[in-house]
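Engineer: Here my numbering is used: the first residue of the sequence shown is 12, the next is one more, and so on.
All residues carry an ideal CB built from backbone N, CA and C; glycine is no exception.
Note that this is a predicted model, so its numbers are computed, not measured.
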Amino acid sequence: MEDEMEVIAPEAVEEELDEVIEEEADESVDELKAKLAKAEEIANNQRIRAEKAEKAKKEAPTEQKSDQTGYSLADQMALLNAKVDEEDIERVERFAKSEGISIKEALKNSELKAILAVRSEERTTANVANVSNVRRGNSRPSDESLLQSASAGKLPESDDDIERLMNAKLQNKG
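#1: What residue does the alpha helix (DSSP H) around E132 start on, and which one ends it?
#2: Determine the DSSP secondary structure at E187, reduced to helix, strand or coil.
#3: Between D170 and P152, which are expected to be in contact by the criterion C-beta below 8 Å, what is the C-beta distance as a whole number of angstroms?
#4: If we ignore side chains and look at the alpha-carbon of each, how far apart do P21 and I32 end up?
#5: For V95, count the other beta carbons within 10 Å of its own beta carbon; 16 or more makes it buried, fewer makes it exposed. Which is it?
#6: So, under 8 Å CB-CB, A117 and V103 are touching, yes? Tell me the CB distance rounded to an integer number of Å.
#7: When we look at the beta-carbon of L181 and count the other beta-carbons within 10 Å, is it buried (16 or more) or exposed?
#8: To the nearest angstrom, how far is the alpha carbon of L158 from that of L176?
#9: What are the boundary residues of the alpha helix (DSSP H) that includes V103?
#10: Could you have a look at K46 and say whether DSSP puts it in helix, strand or coil?
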């Protein structure tokens, strides 16, 4: 038996080749369509993010925050104009935060104004009273002042001053 070999006509080979090329072309078209869909999805997501960021930027206050203090320029000016003491700035900030308002608005609040007035008065009183620890030295009255005090009816309390008073009286008589 002779091996039977199938003979294929050249037209059939061309047809089969065209089918294979067409299938590969269909696959690459499908791949390209998938890539295009993915790129469109990414572009759409980026557009949505940009729109959200733009909307958030428009809704956010236009006041810029200072890099050093974290306060807006308007808040800084309000603190300066209200002559808020350095010790009270933190209190003003806490008040504004608890009320959910800006520092500028908080400084207009009558409750905060009362708090700041009381704190300012306390500082003034403390400064006037001079509450610092000042040690006073023992002053020793002169013999003459001891004699004058004794003649006015004020006798010294310490034994040393009484002894000096006695010596001063004896010397005056003698």
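Structural biologist: The structure says:
#1: 121-140
#2: Nothing can be reported for residue 187, as the shown portion of the chain is limited to 12 through 185.
#3: Not a contact, Cβ separation roughly 14 Å.
#4: 16 Å
#5: buried
#6: 6 Å
#7: exposed
#8: 6 Å
#9: 100-110
#10: Per DSSP, reduced to three states, the secondary structure at K46 is helical.
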